[in-house]
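Here is the structure we will look at, set down as structure tokens.
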Amino acid sequence: MWRCQAKLQNEETTSPTVPSLGQIQAAAPTPGSATDTVRSAPVATPNTIGFSSSATQGPIGIHGSQQPVVHIQASSQTQNTSPARPLSPASVVASPGRANTRQGGHRGAQRVLKPTTADMMMQRRYSRKGQADWKMQYDGVVTPGDRDYAEVCPPGWTRLIQAEGASYYYHSQERVFTDADMSTDKTRKAVESSAKNLFTRAKTDGIQLSEDIELVIELEERAVYYYFVDRQHRILFWLHEFEHKKLLGHVRGVKNKSHIKYHLETQYWTHCEMFPHGRPISLDDLKSLKGILVHANAEAITSDTSLAPFDVEELGRMLDLVDKMQEGAMEGQPDMVWVIARLMRMFSHAKFVNFCGQLGARLNADQSVYADQHENRAPRLFDVVDIFLFGSASAHFRALNGIWVDHTVNFPRWKGFINKLLAEWNSFTIYSTVMLAVDVSFLAIPALQDTSKDTSQEQAAVIAIYGSIVSIVGSLMISVLLVGQIRGQEGESAKGAVVFMKRMTQSMLGLEALAIMQSVPYALLIWGMLFFVLALGFVIFGSPHGTTTIAVVSPGWVLITFLCLWPLWGSRRYRAMVYEWWGKIAEKLPLIRPKQIPSVV
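Sequential numbering of the sequence shown, starting at 25, is according to this note's numbering.
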């Protein structure tokens, strides 16, 4: 029994008979001690305590049962194991076999105990490479009457299948989970030895491990990753110090334990999602999940800046699923427990990212939780470029700031943003195609085909048409390229959206560069239209009947120009920019200083 309480005595005594535990061995004397009797917690020897290599050995101690007081006799004549000492994260014997003996025997392979989280463990599970051999063809014969196709498991272990198909092993007596392949004796001994070392350290450090505590172990070549789970408090804990930056990931500004607890709850539900067997969902948890879904659904319907990580349609389907799964989840059916755990994980993570319960918590999807917002202010160079892009860059910049908040993405808003971009750029391809046909047709008009009367106005008109064609073709090509680049992003996960945004904003200008890139198709389309209008002006006002043409066309020309500039002037950003520049010019030229510079409302 790994978690048995050992009481060491100086006098020789005989260990009481403990069924199914075997002979308990004590550690050798600490180096430098005068006697062979030690008063520290013993180190359990493989194959003698807890996990047994014998199929006939009895069950291992159950959590919560009354632990016997074991009297251990340490004798240098019969014992030859490593001295008992506290385990450290830097050097832990976690592999099978004995460590160095006092006679300097062969030292077994060393693995370092390292704390990890449930989501890191999940990443390892999903990134694990396949093990099947493509060239192998099963050539066995089905034995007549054979109806047993169960895998042979080591004593005490049970092989379970997660809802998505991943297999893992579970020791029900000691509540140990592992993704390691326990079919090999070497791996089994390594897992068992690691678990024993962890339980020994917990006892040495005075950490009580009740029946609600679970242990997860992941074997690597040089390390053993682990974490403990407290089912009652729904958090993870470790026996070694764990840096917050590894635990909290990319979220900055976390300082309160009440905030960290949301992340630990997220890790707990991730653990339940990975290992769903044997954990029925309580009625309170189901009611809590229903309340979360109802609130998120109502918020998504009534608010344009909802924090709900799903849209209204998805939330409605989730609510229907929870209603249908209530009975099965309360009975502990693994597939239904997996669904509940995944939903709880997602909503718990949303609370953590949005600083739920903290001062200045995010209440709207476009709201930042940080006081310093200088990184979201566009530089002066961006304002200058925005003029030549007809204000489209600033519009895209504001839209990007609404979805890329504190380097996080609200997925429903992300899908709406991507769909809007796709619709916009697809429409630009249609406009560009029409304008390209108009430009080519304009070159065929008689005024430009008659080379005998080639004037400077006609040459300027041809050059302007060439400029229009180049701009329109550029708009068409960039629109197609951008559509191809983001097509499918609306169906990506929130994590995929974050990866995409990080990749697209890693430049000198960052978010501003992405806004400029997205506004180029619109700007080039407008420039193509302006060049066409310029060419049309050269042809009209450069005709032989110039006076009559000017008198007839000029009023309409001025009116159309005014109507085109009106929406541009209505932009609040443009007015603010003009007033700001006018104020700076007026300060340097006192003679034209206005009495009062109007403010933009």
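Beta carbons: idealized from backbone N, C-alpha and C, even for Gly.
- Here DSSP, grouped into helix, strand and coil, assigns ARG212 to helix.
- Beta-bridge annotation (DSSP): LEU243 is paired with VAL248.
- Check the Cα spacing between ALA471 and each of ALA320, GLY426, VAL563, GLY273: the tightest is with VAL563.
- Around the beta carbon of MET368, 16 or more other beta carbons lie within 10 angstroms, which makes this residue buried.
- An exposed status is given to TYR150, since fewer than 16 other beta-carbon atoms sit within 10 Å of its beta-carbon.
- Look at the beta carbons and you see the segment 159 to 170 not touching the segment 194 to 211: under three pairs across the two are nearer than 8 Å.
- Per DSSP, reduced to three states, the secondary structure at ILE259 is strand.
- For ASN280, the number of other beta carbons within 10 angstroms of its own is below 16, and it is reported as exposed.
- Between the beta-carbon of MET298 and that of MET146 there is about 6 Å, and that keeps the pair under the 8 Å contact cut.
- Look at HIS195 here: in three-state DSSP terms it is strand.
- Sixteen is the threshold: when 16 or more other Cβ atoms of the shown chains lie within 10 Å of the Cβ of TYR286, as they do, the residue is buried.
- In this structure, VAL248 and ARG152 do not form a Cβ contact; the two beta carbons are roughly 17 Å apart against a cut-off of 8 Å.
- Collapsing the DSSP output to three states places VAL200 in a strand.
- About 6 Å separates the beta carbons of ILE364 and LEU313, which is inside the 8 Å limit, making them a contact pair.
- Counting the other Cβ atoms within 10 Å of the Cβ of SER372 gives 16 or more, which makes it buried.
- Less than 8 Å separates the beta-carbon of ALA559 from that of PHE466.
- Under the three-state reduction of DSSP output, VAL176 falls in the coil class, being neither helix nor strand.
- For THR182, the beta-bridge partners assigned by DSSP are TYR194.
- Nearest in C-alpha terms to ASP254, of all of LEU233, GLU265, HIS274, is LEU233.
- In the DSSP assignment, LEU467 falls outside any alpha helix (DSSP H) and carries neither an H nor an E.
- Distance between GLY302 and PHE261, taken at the CA atoms: about 21 Å.
- Around the C-beta of ARG386, 16 or more other C-beta atoms lie within 10 Å, and the residue is accordingly described as buried.
- Between SER330 and ALA419, the gap from beta carbon to beta carbon reaches 8 Å or more.
- In this chain, the alpha helix (DSSP H) harbouring LYS269 covers 268 to 272.
- With fewer than 16 other Cβ atoms from the protein chains shown falling within 10 Å of its own Cβ, GLY508 counts as exposed.
- Setting aside the 5 residues that flank it on each side, ASP236 is surrounded in the same chain by ASP254, ARG255, GLN256, each with a C-beta closer than 7 Å to its C-beta; the list follows chain order.
- Sequence-distant Cβ neighbours of SER499 in its own chain, meaning closer than 7 Å and more than five residues away, are PHE452, SER456, PRO545, LEU548, LEU549, GLY552.
- In the assembly as shown, ASN321 is a buried residue. Its beta-carbon has 16 or more other beta-carbons within 10 Å.
- Using a 10 angstroms sphere on the CB of ALA447, the tally of other CB atoms stays under 16, which defines it as exposed.
- Around the beta carbon of SER306, fewer than 16 other beta carbons sit within 10 angstroms, so the residue counts as exposed.
- The Cβ atoms of PHE334 and PRO179 lie no closer than 8 Å to each other.
- Taking 8 Å as the cut-off, the Cβ atoms of SER392 and ASP430 count as close.
- Following the DSSP letters along the chain, one finds LEU307 in no beta strand (DSSP E) but inside the alpha helix (DSSP H) bounded by residues 307 to 326.
- Annotation note: the segment 500 to 566 contains the following uninterrupted alpha helix (DSSP H) runs of length 4 or greater, listed N- to C-terminal: 518 to 528, 535 to 565.
- The residues THR573, ILE574, in chain order, have a CB closer than 7 Å to that of PHE565 in the same chain once the five nearest residues on each side in sequence are set aside.
- One thing to note: PRO300 has its Cβ no nearer than 8 Å to the Cβ of ALA174.
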